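Visitor: Protein chains in written order, with my numbering: chain A, -11 to 144; chain B, -11 to 144. Cβ atoms here follow ideal geometry from the backbone N, Cα and C, with glycine treated the same way. What you are looking at is a predicted structure, and each value in this text was computed from that prediction instead of being measured.
(1) Taking Cβ-Cβ distances below 9 Å as the criterion, which residues of the segment 42 to 63 of chain A are in contact with chain B?
(2) Between which residues of its own chain and residue 61 of chain B is the CB-CB distance below 7 Å, once the five residues before and five after are set aside?
(3) Starting from the Cα of residue 110 of chain A, find the closest Cα among A/79, A/57 and A/2 and give me that residue.
(4) Going by DSSP, what residues sit across from residue 55 of chain B in a beta bridge?
(5) Using CA coordinates, which residue listed in B/33, B/88, B/133 and B/81 is at the minimum distance from residue 115 of chain B?
(6) Can you give me, in chain order, the residues of the segment 66 to 77 of chain B that have a beta carbon less than 9 Å from any beta carbon in chain A?
(7) Once you ignore the five residues that flank residue 86 of chain B on each side, which residues in its own chain have a CB closer than 6 Å to its CB?
(8) Please classify residue -11 of chain A as buried or exposed, where buried requires at least 16 neighbouring CB atoms within 10 angstroms.
(9) Would you call the segment 93 to 111 of chain B and the segment 22 to 32 of chain B touching, i.e. three or more CB-CB distances under 8 Å?
(10) Is residue 112 of chain B closer than 7 Å to residue 90 of chain B when the C-beta atoms are compared?
(11) When the Cα of residue 100 of chain A is compared with those of A/42, A/134 and A/14, which residue comes out closest?
(12) Taking CB distances under 7 Å as the criterion, tell me whether residue 104 of chain A reaches chain B.
(13) If you compare alpha carbons, which of B/131, B/-5 and B/40 is closest to residue 71 of chain B?
As structure tokens, then:
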């Protein structure tokens, strides 16, 4: 049997947890240099004087790392993690040395009316640090396939 | 006079445009390997067979590149671009060779009640490709400082 999750395998309230990964200062600086070259993401002194009070990862780095966790050890949706968009918030900064993991919950399941082979899943994705606090909360709309009729029969 | 934008310098409907940057296939593969290692972001054949119909950048790559455009040539808010979160959508994929730029509009300005030195700005950020179509639309909540009383006087 496949371990991949199809729309029929999901229910509202279903939860998943990813593995954890550590983010280093070098990671933070490298991402910031490429994508978010602002002083508080690049320089300790500037970061101390900023609203962050110390070196903080770009929120988009937290988002990218969260996606890495989703892909490598989050819920294994058939067809992959294909998102149309959603909401994203950063209640706390990600700091050098933080160890992050993802906690997931299925919020909504909406079969497509026009495309019977798929549906939309609204997934809560909380990216948690080592203190159990969320550095990112996101609600993303994902496209998840239904089982093909042949696969439905095989699973009986 | 400083070119930095304070809360008092902004009005609803105000628009900005960034420079443009080209995204290469090598950029797309490098980001995907690090943050979104799914076949349709890494491999032409797998991408052709996927919902994308061809190699597509991770949405988080589009988001990160959009942030780079914001920082390097978007509206120059005093204090930098500090976002608490918002909404993000990817109406179209970003493709190898696309040339992207940012189009911005101030949607809301809300002075802080508790912190008189700042306010919240809701900024529309549309990331446009060379065909004038949006590959990303975002509405982000930013913290923007007010001028200090001394600076207000100096500007008179």
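Guide: With the structure as the only source:
(1) Cβ contacts with chain B: 46, 47, 48, 49, 51, 52, 53, 54, 55, 56, 58, 59 and 60.
(2) Cβ-Cβ distances below 7 Å link residue 61 of chain B to 6 and 7 in the same chain, with the five nearest sequence neighbours on each side left out; the list follows chain order.
(3) When each option's Cα is compared against that of residue 110 of chain A, the closest is A/2.
(4) Paired residues: none, contrary to the question.
(5) It is B/88 whose Cα lies nearest to the Cα of residue 115 of chain B.
(6) The residues in question are 67, 68, 69, 70, 71, 72, 73, 74, 75, 76 and 77.
(7) Spatial neighbours of residue 86 of chain B in its own chain (CB-CB distance under 6 Å, excluding positions within 5 residues in sequence) are listed in chain order as 11 and 117.
(8) Unreliable placement is indicated for residue -11 of chain A, whose pLDDT of 42 sits below 50; no coordinate value is reported for it.
(9) Two segments are said to touch when three or more pairs of C-beta atoms, one from each, lie closer than 8 Å; by this definition the segment 93 to 111 of chain B does not touch the segment 22 to 32 of chain B.
(10) Not in contact: residue 90 of chain B and residue 112 of chain B (Cβ atoms no closer than 7 Å).
(11) If we check each option's Cα against that of residue 100 of chain A, A/134 comes out closest.
(12) Chain B contact via Cβ: absent.
(13) Across the set B/131, B/-5 and B/40, the C-alpha of B/131 shows the shortest separation from the C-alpha of residue 71 of chain B.
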